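Inspection log for the structure reproduced underneath, given as structure tokens.
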Amino acid sequence: MPARGVFLPRRDFRGRTVVITGGAGGIGRALGRSFGGAGAKIAIVDLPSSPLSAAREELESLAIESLAVPCDITDRGEVETAITAVREALGSIDVLINNAGIVHRSAFADTRPEVFRRVMEVNLFGAIHCTQACMSDLVTNEGLIIAISSIAGLAPLYGRSGYAASKHAMHGLFESLGAEVASEGVGVLMACPSFVETGLEASTLGGDGQRINRPRSKIGRLSDPDDVAREVLKAAQAGRRRLVLTPVGKTSALLSRVAPGLYERLMIRSLRSELDEA
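Mapping to this note's numbering: the sequence shown position 241 is 255, numbers consecutive.
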């Protein structure tokens, strides 16, 4: 097996088929515009209740060839059906972007087991289902897997223990997978945004599994989804293996390793009020 370097080969996405989970809103929708603008054909996969039609209409208005596929990625059968529909409409799959995710905001002791399970089902097992469904195409095409993780995959995040666990699991999964498929020409890029202005917080689960509407705290300036998408595209084109976005994200990742006690104090000071207000 050839040694894995710091970078993957550079990539050109013109005419390539890109599948984006959670593609109807937030970062996923921005990724569709970004990769579509680079010449890719875009398949957006999202829940039937999401604004799939509006997202596709936006892509079509930008002259981006696209397909919208309703799918619950926690259901393996639905995923297989969705990926078959993508192949039939747009051709075999060159890039899979595992972007779909949910978050909870609650103290560990106040979080029901089913909430932890739900977060894992979407963030981890949903990504597994989609990756396995696309893997034969990705190997044939020497394709690319992009996992949209979070700074919570590199450092602890107060009040989101289940979410952080799911993102740490994604890192373990996809970085290990990257080693397995490198000899077959398949690349893996881990992208780690920090706090982003998306609709994800609107679907945040409380410890009881119900949606919560309390405002979240943030550290630093909220990133714009389009800025995140542009950086992910550039990293993918350049053959990067890992992308950590924003100065806050980079500082958090470093500080949690070299000075974990200091990082913990700063994190608690910034985020504890979210739970105190519950």
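Where is the CB? At the ideal position from N, CA and C, for every residue including glycine. Note that this is a predicted model, so its numbers are computed, not measured.
Cα-Cα separation between residue i and residue j, rounded to whole angstroms
i: Q251; j: D108; result: 13 Å
i: Y277; j: I165; result: 13 Å
i: L104; j: L269; result: 44 Å
i: C206; j: L257; result: 6 Å
i: L81; j: T35; result: 12 Å
i: M15; j: G176; result: Residue confidence is low: M15 scores 38 on pLDDT, short of 50, so the model does not pin down where it sits. Its coordinate-derived value is still stated next. The alpha-carbon atoms of M15 and G176 are separated by roughly 36 Å.
i: F122; j: L280; result: 19 Å
i: G157; j: F188; result: 14 Å
i: P84; j: S67; result: 10 Å
i: S190; j: R286; result: 33 Å
Exposure label - residue i; buried when at least 16 CB within 10 Å
i: E102; result: exposed
i: T125; result: buried
i: E194; result: exposed
i: L22; result: buried
i: V200; result: buried
i: S208; result: buried
i: K12; result: Not covered by the structure: residue 12. The range shown for the chain is 15 to 292.
i: A273; result: exposed
Residue i vs residue j beta-carbon contact at 7 Å
i: L219; j: V129; result: yes
i: R30; j: A69; result: no
i: I41; j: P239; result: yes
i: A57; j: F27; result: no
i: A161; j: S266; result: no
i: I87; j: A147; result: no
i: L45; j: I116; result: no
i: A38; j: S64; result: yes
i: V100; j: H118; result: no
i: A54; j: V33; result: no
i: R24; j: G253; result: yes
Cβ shell of residue i (< 6 Å), same chain only, five flanking positions each side left out
i: I226; result: T218, G220
i: G50; result: I56, L73, I78
i: E198; result: V153
Own chain residues within Cβ distance below 7 Å of residue i, not counting five before or after
i: H143; result: I87, R90, V93
Neighbourhood of residue i by C-beta, 8 Å cutoff - its chain only, sequence neighbours within 5 removed
i: S48; result: D240, A243, R244, V246, L247
Subject >> Completely contained alpha helix (DSSP H) runs for the region 156 to 197, where each covers 4 or more residues >> reply: 175 to 195
**OP:** For the region 50 to 135, list the alpha helix (DSSP H) runs that are entirely contained and at least 4 residues long, ordered along the chain.
**Re:** 66 to 75, 90 to 104, 127 to 134
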